[in-house]
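Below you'll find the structure, written out as structure tokens, and then a few comments.
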Amino acid sequence: MGQVWRDWGDVLLATLVAVPVTVLLTVLMARRRQDVSTRDEAWWRSAAEIGMVAGTLPWLWMILTPRDAPGDVNLVPVRDLVDLVEAGPPATVVVQVVGNLLVFAALGFLAPVRSAALAGVGRLFLLGAAGSVLVESLQYALDLGRVTSVDDVLLNATGAALAGLLSRRWWAGRRPAPQPPVAVPTTPRA
Numbered sequence: 001m002g003q004v005w006r007d008w009g010d011v012l013l014a015t016l017v018a019v020p021v022t023v024l025l026t027v028l029m030a031r032r033r034q035d036v037s038t039r040d041e042a043w044w045r046s047a048a049e050i051g052m053v054a055g056t057l058p059w060l061w062m063i064l065t066p067r068d069a070p071g072d073v074n075l076v077p078v079r080d081l082v083d084l085v086e087a088g089p090p091a092t093v094v095v096q097v098v099g100n101l102l103v104f105a106a107l108g109f110l111a112p113v114r115s116a117a118l119a120g121v122g123r124l125f126l127l128g129a130a131g132s133v134l135v136e137s138l139q140y141a142l143d144l145g146r147v148t149s150v151d152d153v154l155l156n157a158t159g160a161a162l163a164g165l166l167s168r169r170w171w172a173g174r175r176p177a178p179q180p181p182v183a184v185p186t187t188p189r190a
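Residues 1 to 190 in the UniProt record's numbering are what the sequence shown lists, from first letter to last.
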């Protein structure tokens with residue numbers, strides 16, 4: 001536990017300090033929105049938007065923190081996981097897997113609550129995968145001394161989808177309405 005605090009204590013402390021700020025922002029946003037929507041809708045939308053950001057930023061801070069190590073790229077699915085299980089102590093395996101599942105969990109949990117267009121486990125998986133590909137690409141491009149791995153993308157996306165299942169009762173009936181086809185006017189040929 002001491003190593004975790006040494007590595008991530010500043011992130012954890014900043015996250016705790018930010019809690020009152022996120023609550024205040026949610027209250028202010030919801031009050032401002034009550035003029036144009038119902039009270040409940042204003043609160044749900046505001047809490048979802050602030051929660052997605054506040055729940056994802058600390059993880060992104062951790063992931064994008066430079067390390068004094070050579071960077072590596074692994075595009076072979078499940079290879080990093082197998083290597084981790086074979087070589088790492090069980091506690092390290094659990095921390096790595098659970099940590100990767102949690103990176104986009106707040107986004108997966110709250111995005112379909114905020115937007116009916118994201119209501120669906122497959123959509124949440126794709127949203128988590130897109131976010132993760134962006135983060136993994138940044139790790140590589142910025143040469144942060146981290147492993148850029150397809151396994152991280154798979155775990156991050158799975159975490160977003162699983163978290164979405166946990167919030168399903170709040171969004172299950174919110175599928176977007178199908179849009180009618182757009183009629184394209186034709187001009188008669190002369």
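Even glycine gets a Cβ: it sits at the ideal position worked out from N, Cα and C.
For G120 and G164, the gap between their C-alpha atoms comes out near 8 Å. Shortest Cα-Cα distance from N156 to any of W44, L102 and V36 involves L102.
By the 16-neighbour rule on beta-carbons within 10 angstroms, W171 is buried. Separation of P112 and P188 (C-alpha to C-alpha, rounded to the nearest whole angstrom) is 45 Å. Contact check between the segment 56-66 and the segment 121-129: fewer than three CB pairs, one atom from each, fall below 8 Å, which does not count as touching.
In the displayed model, D68 falls within coil according to three-state DSSP, outside both helix and strand. For S37, there is no enclosing alpha helix (DSSP H), as DSSP gives it neither H nor E. For D80, the closest of V153, P185 and D10 by C-alpha to C-alpha distance is V153. Per the C-alpha coordinates, the member of A91, G2, W43 and A14 positioned closest to L110 is W43. In this structure, G108 sits near G159, with a CB-CB distance shorter than 8 Å.
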